[in-house]
Each structure stands twice: as C-alpha cells, then as structure tokens.
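Just below is one structure, and these are the notes that go with it.
Number of protein chains: 2
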Amino acid sequence: MTPFEAVAEPARRALLDALVDGPKAVGALCAATGLSQPNTSRHLRILRETGIVSCTAEGQRRLYELRAERLLELDRWLAPYRALWRSSLQALERHLDEGS
Amino acid sequence: MTPFEAVAEPARRALLDALVDGPKAVGALCAATGLSQPNTSRHLRILRETGIVSCTAEGQRRLYELRAERLLELDRWLAPYRALWRSSLQALERHLDEGS
DNA sequence: AGCTTATATAAGTCTTTGATTAGATATCGG
DNA sequence: CCGATATCTAATCAAAGACTTATATAAGCT
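Protein sequence lines, in the order shown, are assigned to chains A and B.
Sequential numbering from 1 applies to the first sequence in the numbering used here.
Sequential numbering from 101 applies to the second sequence in the numbering used here.
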C-alpha cells in the first residue's frame, strides 16, 4: 500500500495524529481515537506494513511509534503543487494590492 | 470526498500530474495517462467535486485546470510530521558527525 | 439536416476494504 | 499454575469504488 492510500483513511490519520507527541500502546490509541481494539490493530498493521509506524514489544503491551520519514513521499509529490498555490496566493496578493 | 481520498488513487494522481503544466482537454488527459475515456471522465468528476480541478467549456471540449489551493489541506495536515522528520534528519546528521 | 468528434452518464460486474464478532496468543500478578 | 489484561488474527458481512461496455448529449462541419 502506498502512503497515499494509507493516510487516505480517516481512522488511520487519527491514529497518526495520536502518535505525533510520542509512542503509545494500542490501548491508549483505542482510547484516543474511539476505534474498537481489533479495528485499531488492523489499521496499525496496515500502517506498520507501509512503514509509517514501527512497533516494539514492551512487556505485554506493544508501543507504536511514528516513522514520519515515510511521509516524505507525500511531501515530495506535493512539491510542484505547492509551487502552484504559492503563485496563486501571490497573484491574489497582487490583485488586492492593486485594489487598495 | 476528502482531498486525501482523491489523491490516494494513482489514476487521479496521474491526471493531476498531467495538469501541472497547464489546463488540458479530456482527450489530451486520456492520451497522457492511458486511461479510457469514461474512466478519465469519472475520475475528473471526482476531482472536480472535490474542488481540486475546475472545468470550463471550450467549444466541444472541456478544459480542465488545476486548483492547487485545495491541496493546502494535505499540506497543513502534513506539517507536524514534517517537523518530525526534519528532527530525525537532524538527529541522523548529528550521529554522522559524531561518527566522523 | 446528417455525420463526426468530444465528453458525460448509466448499468453491470468485480475487487477492495472497513467493521464486527469470536477466538487465539502471550504476558503479568498472585 | 491460574485468572486477568493486552494484543493479534480469522471469519464474515456490508459497503465503496474502480473498470468496462454501451448509450446519451452536444458542438462542429459539410
């Protein structure tokens, strides 16, 4: 699965958002997202297989951690478009300047 | 449909990539992507309904044009993760510096 | 008007994928 | 060893979505 498909799912974005401020166990992620436990595990597996999170066993829990580098691919794809909307913003600014 | 889901589909990313260097008619987009015409129309409709492209009738053709601003939402979501991978890159650099 | 080109839409099929329920595995505390 | 907790996996179902074929609409040309 591509990172694009991985983050397309709202549940998985919620999981990632919950991981921004550090690694968490599955139970904590269930609580944070409101997802059922099996559902959480399934989405975490997808994220793990995509390489966006990694998992380390910590006693009877599993700590999931972000591997944000994997999202670089999204950022790189976005780059040409970013250039475009920057230029439209600039055009808008020019327009507003002319109007004032 | 969210912009996330919209760009998750490879065919739609191909269409967007073909539109980066300016508006194109449907036929040109078919040729550029190798998608069938109905398929192209369907994906273009999805992109249009999501607001990522706009369409203007030009005689018997329809010119599709990028509305890159709509992808700002992706960029904004990505921001916190960008901060993370920047710091991991910095950590890697520090590590390499120590090693040398 | 009739033919052609360009695009959109509809119907049908097939695949993918998300959610739930139930059960399996493993670790911890006594 | 046993019960409780934490997590994973399997099976099943339902829904979403992608692709094809066929058809409709509309503009352009002669």
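Where a beta carbon is used, it is the ideal one built from N, C-alpha and C, also for glycine.
| Item | Value |
| --- | --- |
| Status (buried if at least 16 other CB within 10 Å, exposed otherwise) for leucine 74 of chain A | buried |
| Cβ-based contacts, 9 Å cut-off: residues of the stretch 154-184 of chain B near chain A | Leu166, Arg167, Ala168, Glu169, Arg170, Leu171, Leu172, Leu174, Asp175, Trp177, Leu178, Pro180, Tyr181, Arg182, Ala183, Leu184 |
| Boundaries (first-last residue) of the alpha helix (DSSP H) holding leucine 84 of chain A | 72-99 |
| Closest Cα partner of arginine 142 of chain B within the set B/Ala132, B/Val126, B/Asp197 | B/Val126 |
| Selected residue, minimal CA-CA separation from arginine 148 of chain B, among B/Arg112, B/Ser188, B/Leu192 | B/Arg112 |
| C-alpha distance - tryptophan 177 of chain B paired with leucine 184 of chain B, whole-angstrom precision | 13 Å |
| Beta-carbon spacing of arginine 170 of chain B, glycine 151 of chain B below 8 Å | yes |
| Burial state of leucine 96 of chain A (16 or more Cβ within 10 Å) | exposed |
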